[in-house]
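Numbering (the working numbering), first residue to last: 2 to 155.
Below: one structure, written as structure tokens.
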């Protein structure tokens with residue numbers, strides 16, 4: 002599979018929504034509500050340059066938000082049909098490369114406490130738990146990963 006990752010364009014909005022919805026749909030019953038990424042304004046995120054995609058058709062989505070001292074990995078979604086093909090690993094590697102390019106020393110993300118699959122994945126890629134807190138209806142586990150090869154923001 003080609004894992005080329007590119008910035009999403011407005012033409013990708015429907016595909017981004019389809020991948021995000023497919024990736025998060027299995028969690029709706031477990032959480033008792035829709036995961037926040039399902040209700041994100043994908044078109045606005047694309048217009049802001051925050052969304053990256055991979056695959057043709059799109060099978061992976063990454064939403065990255067640069068803050069002054071870190072990169073927020075706001076969403077990573079892989080279509081279930083593309084599981085176990087290295088898509089998620091490539092997206093996580095891209096996030097690190099992007100943080101390095103922006104000279105940001107760490108990546109932060111969170112996942113719902115009931116998405117235990119994610120809590121097994123992120124530590125394998127060097128993410129450490131920083132806290133667990135309730136954000137509205139969401140019980141979230143927060144992670145960070147130090148990015149090597151950066152000098153920090155100016």
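Beta carbons are placed, not taken as given, at the ideal position from N, Cα and C, and that holds for glycine.
{"Asked": "Within this structure, are the beta carbons of residue 6 and residue 91 separated by less than 8 angstroms?", "Found": "yes"}
{"Asked": "State yes or no: is the C-beta of residue 20 within less than 8 angstroms of the C-beta of residue 50?", "Found": "no"}
{"Asked": "Would you kindly work out how many angstroms separate the C-alpha atoms of residue 25 and residue 104, rounded to a whole number?", "Found": "31 angstroms"}
{"Asked": "According to DSSP, is residue 75 part of a helix, a strand, or is it coil?", "Found": "strand"}
{"Asked": "Within the same chain, show all residues whose beta-carbon is closer than 6 angstroms to that of residue 135, passing over the 5 residues directly before and after it, in chain order.", "Found": "none"}
{"Asked": "Could you work out which residue in 100, 53, 139, 46 is closest to residue 69 when comparing CA atoms only?", "Found": "100"}
{"Asked": "Alpha carbon to alpha carbon, what distance is there between residue 11 and residue 44?", "Found": "7 angstroms"}
{"Asked": "Counting pairs of beta carbons, one from the stretch 29 to 49 and one from the stretch 82 to 98, are three or more of them closer than 8 angstroms?", "Found": "no"}
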